[in-house]
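Line order of the protein sequences matches chains A and B. According to the numbering used here, the stretch in the first sequence is residues 109 to 218, in order. According to the numbering used here, the stretch in the second sequence is residues 2 to 122, in order. Here the structure comes first, spelled out in structure tokens, and everything after it is commentary.
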Amino acid sequence: QSALAQPPSASGSPGQSVSISCTGTSSDIGTYDYVSWYQQHPGRAPKLILYEVNKRPSGVPDRFSGSKSGNTASLTVSGLQTDDEAAYYCSTYAGRTNMIFGGGTKLTVL
Amino acid sequence: QVQLVQPGSDLKKPGASVKVSCKASGRTLSNYGLNWVRQAPGQGPEWMGWINMNNGKPYYAQAFTGRFVFSFDTSVSTAYLEISGLQSDDTAVYYCATDVAVAGRKAYDIWGQGTTVIVSS
Chain A
109 QSALAQPPSA SGSPGQSVSI SCTGTSSDIG TYDYVSWYQQ HPGRAPKLIL YEVNKRPSGV
169 PDRFSGSKSG NTASLTVSGL QTDDEAAYYC STYAGRTNMI FGGGTKLTVL
Chain B
2 QVQLVQPGSD LKKPGASVKV SCKASGRTLS NYGLNWVRQA PGQGPEWMGW INMNNGKPYY
62 AQAFTGRFVF SFDTSVSTAY LEISGLQSDD TAVYYCATDV AVAGRKAYDI WGQGTTVIVS
122 S
């Protein structure tokens, strides 16, 4: 399977909202509600911030939200903070125990 | 709380083999799957596959068949990724990851710190 398609970069000012898209196919995102999102700061391991499209693990602020329509999922970060500057990766289940990640979006807080 | 501990880095020559470890602490992994994820420099993560810690059965993503072997040793609560015939494009950070609080939800909430494998002559 090919990597999920994400825009390489996104940006916003502190306090603003920004959305990042993640496009797959009818065989992965279009079929399964198992889209997850990860935040990764330089030199650190990815951190799970959303799973099953829009569910937040314990400790993740509600400024992070997710949605899905057709073959595309989206992550929205509201009330941008400087610590939100990081790379964001989407991931989805693709059937037969396979998982696919996106190429990543570098979020810059201006 | 489960923690996954990995060594920091390893430098290998082309053609050599490497065995990356992932030690679980805080809770046994026997009820979980242990996944391996590769991240090449400047790239997104790539799911390599997983091993069922209950029965030891591994599953490899299509791009990671042949030179890659997953195993684990329950006596030391440690999983292993072995890569043979190393090539320069195997240079990457290798993470182990599992799902604990989100078990069965096809997401990974526990990650090791990652092991950087550098393949260079």
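Using N, Cα and C, we set each Cβ at its ideal position, and we do this for glycine too.
Given that a residue counts as buried once 16 or more other Cβ atoms are within 10 Å of its Cβ, and exposed if not, what is residue i?
i	result
A/Ser60	Since the first residue of chain A shown is 109 and the last is 218, residue 60 of chain A is not available in this structure.
A/Thr200	buried
B/Lys107	buried
B/Leu12	exposed
A/Gln124	exposed
Check whether the Cβ of residue i lies closer than 8 Å to any Cβ atom in chain B.
i	result
A/Gly212	yes
A/Ala181	no
A/Asn162	no
A/Ile128	no
A/Ile137	no
A/Tyr197	yes
Pick helix, strand or coil for residue i, following the three-state DSSP scheme.
i	result
B/Gln4	strand
B/Ala41	coil
B/Asp110	coil
B/Asp91	helix
A/Asp191	helix
B/Thr117	strand
A/Gln109	coil
A/Gln148	strand
B/Ala64	helix
A/Thr133	coil
A/Ser121	coil
In whole angstroms, what separates the C-alpha of residue i from that of residue j?
i	j	result
B/Gln4	B/Ala25	6 Å
A/Tyr197	B/Arg68	27 Å
B/Tyr61	A/Asp136	18 Å
B/Trp37	B/Val19	14 Å
A/Glu160	B/Val77	33 Å
A/Pro169	A/Thr205	29 Å
B/Ala98	A/Leu218	32 Å
B/Ala104	B/Gly34	9 Å
A/Gly212	B/Gly43	10 Å
A/Ala202	A/Tyr140	8 Å
A/Tyr142	B/Ala17	37 Å
B/Gln114	B/Tyr95	9 Å
Does any CB atom of chain A fall closer than 8 Å to the CB of residue i?
i	result
B/Pro8	no
B/Gly4	It should be noted that the sequence gives Gln, not Gly, for residue 4 of chain B. Not one chain A Cβ lies under 8 Å of B/Gln4.
B/Trp112	yes
B/Pro46	yes
B/Ala62	yes
Which bits of chain E does residue i rub up against, with CB to CB less than 8 Å?
i	result
A/Leu156	Although the question refers to chain E, the structure presented lacks it and instead comprises the protein chains A and B.
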